[in-house]
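The next block holds one structure in the form of structure tokens; read it before the comments.
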Amino acid sequence: MPNTQPAPLALTALRSGLIAALIALAAPAHAEEAASDARWVSDSLSTYVRSGPTDGHRIVGTLKSGQKVSLLTSQGNYSQVRGQSGDLVWILTSDLQAVPGQNERLPQLDQQVAELSGQLKTIDDSWKSRVQGMQETLDSRKALIDELETRNKGLNEQLEQSQSSLRDVQARLGDENKQVMMRYMVYGGSIAGAGLLAGLILPALSRGRKRNDRWF
Numbered sequence: 079m080p081n082t083q084p085a086p087l088a089l090t091a092l093r094s095g096l097i098a099a100l101i102a103l104a105a106p107a108h109a110e111e112a113a114s115d116a117r118w119v120s121d122s123l124s125t126y127v128r129s130g131p132t133d134g135h136r137i138v139g140t141l142k143s144g145q146k147v148s149l150l151t152s153q154g155n156y157s158q159v160r161g162q163s164g165d166l167v168w169i170l171t172s173d174l175q176a177v178p179g180q181n182e183r184l185p186q187l188d189q190q191v192a193e194l195s196g197q198l199k200t201i202d203d204s205w206k207s208r209v210q211g212m213q214e215t216l217d218s219r220k221a222l223i224d225e226l227e228t229r230n231k232g233l234n235e236q237l238e239q240s241q242s243s244l245r246d247v248q249a250r251l252g253d254e255n256k257q258v259m260m261r262y263m264v265y266g267g268s269i270a271g272a273g274l275l276a277g278l279i280l281p282a283l284s285r286g287r288k289r290n291d292r293w294f
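This is the structure in structure tokens:
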């Protein structure tokens with residue numbers, strides 16, 4: 079009987095591997111956008127933006143963490159971006175990232191994880207169905223083997239009984255053959271004795287008749 083215990087562990091490992099692979103592929107999935115002028119403010123901060131590409135330019139506002147902007151140009155440590163309102167501002171290049179922020183990625187990841195979970199459930203159900211089918215097949219085969227073994231045992235017992243009966247019959251036939259031989263010997267001896275006796279009596283009778291014939 080096969081051991082089905084490793085199946086849940088294998089499915090758990092498969093689920094973890096697919097989720098890890100999904101997260102690892104999340105960044106490459108946005109590589110095409112990174113090749114364009116799209117940028118996102120880093121998730122780890124809420125940064126000020128300036129009117130020019132140096133620290134000496136005045137602060138003209140802030141951009142929220144994860145907010146999407148369009149990269150226009152870079153100069154020194156700063157990059158000029160266009161915000162969602164259409165304003166042109168400068169922000170530290172180190173405060174930009176080439177992939178969407180967590181607030182934008184998490185719903186997509188959640189959806190993909192849900193899809194993968196559904197696929198894994200389908201695989202799990204299919205695996206359980208296959209294991210159940212194999213178990214039923216093994217049970218039916220075991221029942222058939224038990225039945226055949228029982229029938230074989232019964233046939234062996236019948237064979238032993240037949241062989242025992244055959245030995246008894248052969249023994250009786252041997253005894254009967256001996257008795258027949260004895261009867262043949264007795265009959266043969268009787269016939270031989272009768273013939274001998276007749277051989278002795280008939281000549282004597284013949285001689286007696288001849289003597290009687292002389293008296294007449």
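Here the sequence shown is numbered in the working numbering, starting from 79 and rising by one per residue.
Backbone N, C-alpha and C fix where the C-beta goes; we use that ideal spot for every residue, glycine too.
Item                                                                                                           : Value
Gln-71 (DSSP reduced to helix, strand or coil)                                                                 : For the chain, the structure presents residues 79 to 294; residue 71 sits outside this window and is missing.
Arg-128 versus Thr-151, Gln-145, Ser-152, Leu-166, residue with shortest Cα-Cα distance                        : Leu-166
Environment of Leu-275 [buried if 16+ CB atoms lie within 10 Å]                                                : exposed
For Tyr-156 and Thr-140, believed in contact at Cβ under 8 Å, the rounded distance                             : Rounded, the Cβ-Cβ distance is 15 Å, inconsistent with contact.
Span of the beta strand (DSSP E) around Gln-158                                                                : 156–160
Residues sharing a beta bridge with Val-167, DSSP                                                              : Val-159
Own chain, CB closer than 7 Å to Ile-279, minus 5 neighbours either side, in chain order                       : none
3-residue-minimum beta strand (DSSP E) runs that sit fully inside the stretch 164–245, ordered along the chain : 166–170
Span of the beta strand (DSSP E) around Thr-125                                                                : 125–128
Status (buried if at least 16 other CB within 10 Å, exposed otherwise) for Val-258                             : exposed
Straight-line Cα distance separating Val-191 from Val-159                                                      : 33 Å
Gly-196: CB within 7 Å of a non-hydrogen atom of the ligand SAM                                                : The ligand SAM is not among the ligands present in this structure, which contains no ligands whatsoever.
Within 8 Å, strictly: CB atoms of Thr-171 and Ser-148                                                          : no
Distance between beta carbons of Lys-146 and Ala-116, contact taken as under 8 Å                               : 7 Å
CB of Trp-168 within 8 Å of CB of Gly-196, strictly                                                            : no
Neighbourhood of Ser-240 by C-beta, 8 Å cutoff - its chain only, sequence neighbours within 5 removed          : none
Nearest-angstrom Cα separation, counted from Asp-224 out to Ser-310                                            : In the structure as shown, the chain starts at 79 and stops at 294, and residue 310 therefore has no counterpart that could be examined.
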